[in-house]
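Report on the structure given below.
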């Protein structure tokens with residue numbers, strides 16, 4: 261059991277919507293992070309060091325930082341549930357345009373154990389990065405949650421095929437990193453515009469939605485409503501990412517706080533989906 265000191269580690273995995281592909285975020289306004297929210301970059305000048313979290317967060321490979329993903333908004337809400345002495349460490353392990361068995365402009369695959377010529381295995385890289393982050397975080401730290409935002413690069417695959425690879429990825433992380441063995445693993449759906457524009461995304465979409473029925477201690481985050489993409493189909497705006505981060509947090513609270521949880525932070529501008537003029541309680545009635 262963790263105490264009042266240490267880090268709650270949030271692992272963020274996936275492709276471009278996990279790292280963010282937008283320019284309308286405001287790191288000095290609604291997207292400024294509390295000083296207790298830190299990050300552990302895998303690329304850039306701060307590689308391998310715990311530093312204050314500032315959008316955009318660094319991806320794991322050659323893809324340049326592109327914008328704001330759901331990790332920061334999720335962390336802002338998670339912070340409201342922690343004792344004053346605890347902090348959050350976001351561990352971004354994202355790479356745009358990457359799938360389980362194939363990739364786009366930036367090379368990398370997520371399939372456990374797959375050795376594809378010229379493409380690094382991103383799952384192995386993410387596990388190694390998470391281990392280093394936990395070592396740096398020190399005593400009293402724990403993996404609080406893992407977020408998975410991916411699927412566009414796997415369009416055309418069947419529900420069964422994608423589900424098998426995703427479930428294997430979850431099991432591999434939990435087996436290889438003992439600190440993550442009991443952490444909620446949360447998966448997010450692709451943008452609604454993307455699924456509407458590309459019917460061959462149905463298999464991936466269904467596999468993501470049904471993850472909680474297949475794998476223990478997992479949750480599903482609904483994508484934002486229509487109207488929160490910046491390119492017609494695929495990449496979420498900053499407000500879309502705030503909403504998605506809020507939906508990830510709802511999924512988290514269903515697993516970690518099933519009796520209900522009052523979140524005062526939802527009163528703040530830009531807190532994500534569910535922002536209101538007063539505290540909001542999540543419980544059996546509004547799940």
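In this note's numbering, the protein residues as written are 261 to 547. Every residue, glycine too, gets a C-beta built ideally from N, C-alpha and C.
- For the 7 Å CB-CB criterion, residue 357 and residue 501 do not form a contact.
- Within a 10 Å sphere around the beta-carbon of residue 288 sit fewer than 16 other beta-carbons, which makes this residue exposed.
- CA-to-CA, the gap between residue 394 and residue 270 works out to about 11 Å.
- Residue pairing for residue 268: DSSP places it in a beta bridge opposite 348, 402.
- For the pair residue 359 and residue 292, the Cα-to-Cα distance works out to about 30 Å.
- At the C-beta level, residue 325 and residue 318 come within 7 Å of one another.
- Rounded to the nearest whole angstrom, the C-alpha separation of residue 496 and residue 400 is 35 Å.
- Counting the other Cβ atoms within 10 Å of the Cβ of residue 476 gives fewer than 16, which makes it exposed.
- If the five residues before and after residue 380 are omitted, its C-beta is found closer than 6 Å to the C-beta atoms of 368, all from its own chain and listed in chain order.
- Residue 310 carries a coil assignment under DSSP once its states are collapsed to helix, strand and coil.
- When the alpha-carbon of residue 413 is set against those of 398, 465, 443, the nearest one is in 465.
- Residue pairing for residue 353: DSSP places it in a beta bridge opposite 273.
- In the structure shown, residue 410 adopts coil according to DSSP, grouped into three states.
- Here the alpha carbons of residue 337 and residue 504 stand approximately 12 Å from one another.
- Residue range 297 to 299 is occupied by the beta strand (DSSP E) that includes residue 298, with no alpha helix (DSSP H) assigned at that position.
- A Cβ-Cβ separation of about 7 Å places residue 302 in contact with residue 353 under the 8 Å criterion.
- In summary, residue 265 is exposed, with fewer than 16 beta-carbon neighbours lying within 10 Å of its beta-carbon over all protein chains present.
- Between residue 267 and residue 397, the CB-CB gap stays under 7 Å.
- Excluding residues up to 5 positions away in sequence, 403, 404, 405, 406 lie with their Cβ nearer than 7 Å to the Cβ of residue 443 in the same chain.
- By the neighbour-count criterion, in which 16 or more other beta carbons inside 10 Å mark a residue as buried, residue 285 falls on the buried side.
- When the Cα atoms are used, residue 470 and residue 427 turn out to be separated by approximately 11 Å.
- According to the DSSP assignment, residue 464 belongs to the alpha helix (DSSP H) that extends over 462 to 469.
- In the structure shown, residue 489 adopts extended strand secondary structure according to DSSP, grouped into three states.
- Residue nearest to residue 435 within the set 387, 472, 482, 446 is 387 (criterion: CA-CA distance).
- Apart from sequence neighbours up to five positions away, the residues of its chain that approach residue 385 with a beta-carbon distance below 6 Å are 320, ordered along the chain.
- Contact annotation: residue 419 and residue 463 have beta-carbon atoms nearer than 7 Å.
- Less than 7 Å divides the Cβ of residue 447 from the Cβ of residue 480.
- Taken through DSSP and simplified to helix, strand or coil, residue 369 comes out as strand.
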